[in-house]
Amino acid sequence: MKHLLSTADLDVADAVRILDTAGSMAATQAREIKKLPTLRGRTVVNLFFEDSTRTRISFETAAKRLSADVINFSAKGSSVSKGESLKDTALTLQAMGADAVVIRHHASGAPHTLATSGWTHGAVINAGDGMHQHPTQALLDAYTLRRHLAGPGDVTGRDLTGLRIAIVGDVLHSRVARSNVHLLHTLGAEVVLVAPPTLLPVGVGAWPARVSYHLDEVLADEKPDAIMMLRVQRERMSSAGGGFFPSPLEYTRRYGLDARRLALLPEHAIVLHPGPMNRGLEISADAADSTRAVIVEQVANGVAVRMAVLYLLLAGGDAPARAAAPTDDMKVDA
Amino acid sequence: MTRNYLLRDVSPLGEGTTDVLLADGIIAAIGAGAEAQAQDPVIINGSGLVLLPGLVDLHTHLREPGREDAETVRSGTRAAAMGGFTAVHAMANTTPTQDTAGVVEQVWRLGRDAGWVDVRPIGAVTVGLEGERLAELGAMAESAAQVRVFSDDGKCVHDPVVMRRALEYVKAFDGVIAQHAQEPRLTEGAQMHEGVVSAELGLAGWPAVAEEAIIARDVLLAEHVGSRLHVCHLSTAGSVEIIRWAKSRGIDVTAEVTPHHLILTDELARGYDPVFKVNPPLRTQRDVEAVREGLADGTIDIVATDHAPHTREDKDCEWGAAAFGMTGLETALSVVQETMVDTGRMTWADVARVLSTTPARIGRVTDHGRPIAVGEPANLTLVDPGIRRVVVPEEQATHSVNSPFRGRELAGCVIATWLRGRATVMDGSACDESVVVSS
Ligand SMILES: [Zn+2]
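As they're listed, the protein sequences go chains A and B. All letters in the first sequence, in the order written, are residues 1 to 334 by the working numbering. All letters in the second sequence, in the order written, are residues 1 to 439 by the working numbering.
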């Protein structure tokens, strides 16, 4: 694995290895001194063409805990908005000696272009591209699901076989949904997508997932082990925004997760949301703040998963499997 | 004074072999007696070679005036000659737009001065391609450029009233509206064909219905007002069905398909290489099969290149920021040979029909697309179907390198092209420019 561009590129062994490595990383994070010397002297660039403070901070924290040097490059708001700037920016970063480029871009495929263009020799990590992919989000979701649902006992080495996951909301515009569908399928879970027909892409029939237009039916019939609520942008309602649904109220009524629907879930089921949440639209305060919700934990797991990805791409070398072994070669930097 | 050329043992339209003599700008003799009439001719061994009427492209973007960094009339027409063309129709989306007599005459003169092929400018349907007010179609028709084809290509004449008026108005001078069929609201932000691949890649979809809805509307409008309609770069199976239906009703409609829609599919977008970004987008294998079928059975009348050169900057970037379009003049004939002739679906006579005779008729270009017969103007191209060659865009005559066939081996090669008896291409190479221009 030279880059992390899409969860579709991961086989089950790759995915489990990343989750196991994340588990090791999380264990180190419980210690008093969290910093590991692993990537000392390596440079990680956060190249963000689109605002996302949460994702940037998560990657930055992960890189710093591995002792990497971090450069934050925000192209948002500057005059660069055209593709030429992707090339020029990449060449600049290459000149600075970037070992890894974490890229967030509004255009689907931009990380792929960066990785295959020869503009940079470093590892490319996709931190979200357009409507395409956000692989570390899916990995942290899978990590969270595995921690809660793949037990009992030590979940190391396990996949998600047999779990039923409902992904609810704006699938059409969601890179989180696309990443999760591939990864969850690879890990053996069953995925059902729940959305109004307007918010499902033409061609969704080819995805390894089932589709439903009715949340209540899915809750009653499928008894999902977890429900993942996707962010819905209010502006998608307007005519200029595409007119995808009649009103926020109707959306909430048909697809929102509230206390009543929460009560329909099985006892053990958990609630995920990639954030930031639109409280009152796709998720009510009751649901978001319930004990079932693991939304805050997802954020913490995000750091561990991103540490694992950086570690495997930059220090894993040719033997990433061995690298997954817990912390023998990851002595705490005292 | 042009040379005489004696083509020995060539196969006109791929049917039989004979000798053909070109002299004084015309086909002077055909058959056994041709050699006797030749005066100090250049003798070409035509054994195994197919002689076709010079190809006529109804859809070429020459980019001049305005984007001379991508292509000029000179570089684009030289590429055309290399591809076997003797006439091209220069699309109107230049800067300034070809929407006045002045601009179309400028392009026409640039073409005449370059001398590689005859350039027939296309006039814009509406002022600035804005789709609101008719451009001065009559003035362009009566200009030195003699415009007969009008198109807002790149944009669709989407307002049904404007389209109706345009269809009616050009009847006064035997013009035709060539429609770029793309319903604008259904294709806002569209990046590629809407389907399985776009769903996976997260690229905004360009649905087939956005093309088909406009074609359906336009054939009905053409029927209603009794006008001539031409559909540019038809790309979907549904569009073929609509054209087939319209023709069965006697509607005066013609349709074109591009070489790339005959051979490439949306699967190529998976690598996010913008060289495959084109409008209308590459469709599915089922659509490719349907347009081949439609071309073979005559539902689709012609092949036109939609040659769309772009600078490196406009393609060397992420997919979403890249320009739409691909070059095609120098690969068109090979693609048609490979997809239609070598598969047994068409004869070389059919190729002459779809790449020369019919496009010349649609564009009202009287001295091109003629039969290969004594006394006809010597606008001809000589093809070796037996050669296979690897496409190297940097070696092409077009100024741009955005060929989707880079590194791909294609069948057939243009050996020679003559414009009114004067060689523009000989031995597979463009003739010396000074010779071309002065003669
Ligand atoms: Zn067009």
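We treat Cβ as the ideally placed atom computed from N, Cα and C, and that holds for glycine. These numbers were taken from a predicted model, which means no experiment stands behind them.
Proximal residues of chain B, C-beta to C-beta of residue i below 8 angstroms
i        : result
A/GLU105 : Checking the displayed sequence, the identity of residue 105 of chain A turns out to be His instead of Glu. Per Cβ cutoff of 8 angstroms: GLU318.
A/LEU86  : CYS317, GLU318 and ALA321
A/ARG178 : GLU200 and GLY202
A/ALA206 : VAL196, ALA199 and GLU200
Interface partners of residue i on chain A, CB under 8 angstroms
i        : result
B/GLY238 : None at all; the shortest Cβ gap to chain A is about 14 angstroms.
B/GLY195 : VAL202 and GLY203
B/SER198 : PRO201, VAL202 and GLY203
For residue i, the residue or residues it bridges with in DSSP
i        : result
B/THR254 : B/HIS230
A/GLN298 : In DSSP, A/GLN298 forms no bridge with anything.
A/ARG164 : A/GLU190
A/ASN72  : A/ASN46
A/SER212 : A/VAL194
B/PRO53  : B/LEU380
B/PHE440 : A question about residue 440 of chain B goes unanswered here, because the residues of chain B that appear run from 1 up to 439.
A/ASP129 : A/HIS105 and A/GLN133
B/PRO259 : The partner list for B/PRO259 (beta bridge, DSSP) is empty, contrary to what the question assumes.
B/MET326 : B/HIS307
A/ALA293 : A/VAL271
Same chain, Cβ closer than 6 angstroms to residue i, neighbours up to 5 away in sequence not counted
i        : result
A/MET104 : What sits at residue 104 of chain A in the sequence shown is Arg, not Met. Same-chain partners within the cutoff: PHE48, GLU50, SER52, ALA127 and GLY128.
A/VAL332 : Residue placement at A/VAL332 cannot be trusted, given a pLDDT of 36 that sits under 50; what the coordinates show is reported in the next sentence. Only ILE33 meet the Cβ criterion.
B/ARG244 : THR299
A/GLY83  : With a pLDDT of only 47 at A/GLY83, under the threshold of 50, the placement of this residue in the model should not be trusted, and no figure is reported.
A/VAL80  : At A/VAL80 the pLDDT is 49, less than 50, meaning the model places this residue with poor confidence; the figure from the coordinates comes in the next sentence. The answer is none, since no qualifying residue turns up.
A/HIS268 : none
B/ARG78  : TRP116, ALA397 and ALA430
B/ALA101 : ALA139, MET140 and SER143
Per-residue contacts from residue i into chain A (C-beta, under 9 angstroms)
i        : result
B/PRO207 : VAL202
Neighbour list for residue i in chain B, Cβ cutoff strictly below 7 angstroms
i        : result
A/MET131 : GLY202
A/ALA110 : GLU318
Cβ-based neighbour list, residue i, same chain, cut-off 7 angstroms, excluding 5 preceding and 5 following
i        : result
A/THR161 : GLY188
B/ALA246 : VAL219 and VAL253
B/ARG345 : ARG292 and ALA296
A/PRO152 : none
A/ALA115 : HIS3, LEU5 and VAL124
B/GLN98  : ALA92, VAL104, VAL107, PRO121, ILE122, GLY123 and ALA124
B/LEU268 : PHE276 and LEU282
Same chain, Cβ closer than 8 angstroms to residue i, neighbours up to 5 away in sequence not counted
i        : result
A/LEU313 : MET1, LYS2, HIS3, LEU4, ALA100, ALA123 and ILE125
B/ILE362 : LEU58, VAL149, VAL176, HIS230, THR254, ASP301 and ILE302
B/CYS156 : GLY131, GLN179, HIS180, ALA181, GLN182, GLU183, PRO184 and ILE214
A/ALA285 : ARG279
A/VAL204 : VAL171, LEU193 and VAL211
A/TYR213 : VAL194, ALA195, PRO196 and PRO197
A/SER78  : Caution is warranted here: a pLDDT of 49 is assigned to A/SER78, below 50, making its placement in the model unreliable, and no coordinate value can be reported.
A/ARG234 : PRO248, ASN278 and LEU281
B/LEU134 : VAL125, THR126, VAL127, VAL162, ARG165, ALA166 and TYR169
A/VAL299 : ARG54, SER58 and GLY275
For residue i, the first and last residue of its enclosing alpha helix (DSSP H)
i        : result
B/TRP108 : 101-114
B/TRP245 : 237-248
A/TYR251 : 248-255
B/LEU220 : 208-225
A/ARG56  : 53-65
A/LEU264 : 259-264
A/ARG17  : 12-29
Opening and closing residue of the beta strand (DSSP E) in which residue i lies
i        : result
B/GLN179 : 176-179
B/MET426 : 422-426
B/THR86  : 85-90
B/TRP418 : 409-419
B/VAL20  : 18-23
B/ALA28  : 26-30
A/ILE227 : 226-229
B/ILE44  : 42-45
Partners in chain A for residue i, counting only beta-carbon separations shorter than 7 angstroms
i        : result
B/TYR272 : GLY109, HIS112 and THR113
Contacts that residue i makes with chain B (C-beta to C-beta distance below 9 angstroms)
i        : result
A/ARG175 : GLY202
Any residues whose CB sits closer than 7 angstroms to a heavy atom of ligand 1? List them in chain order? Those residues that have a beta carbon less than 7 angstroms away from any non-hydrogen atom of ligand 1 are, in order along the chain, B/ASP153, B/GLY154, B/HIS180, B/CYS232, B/HIS233, B/ASN279 and B/ASP306.
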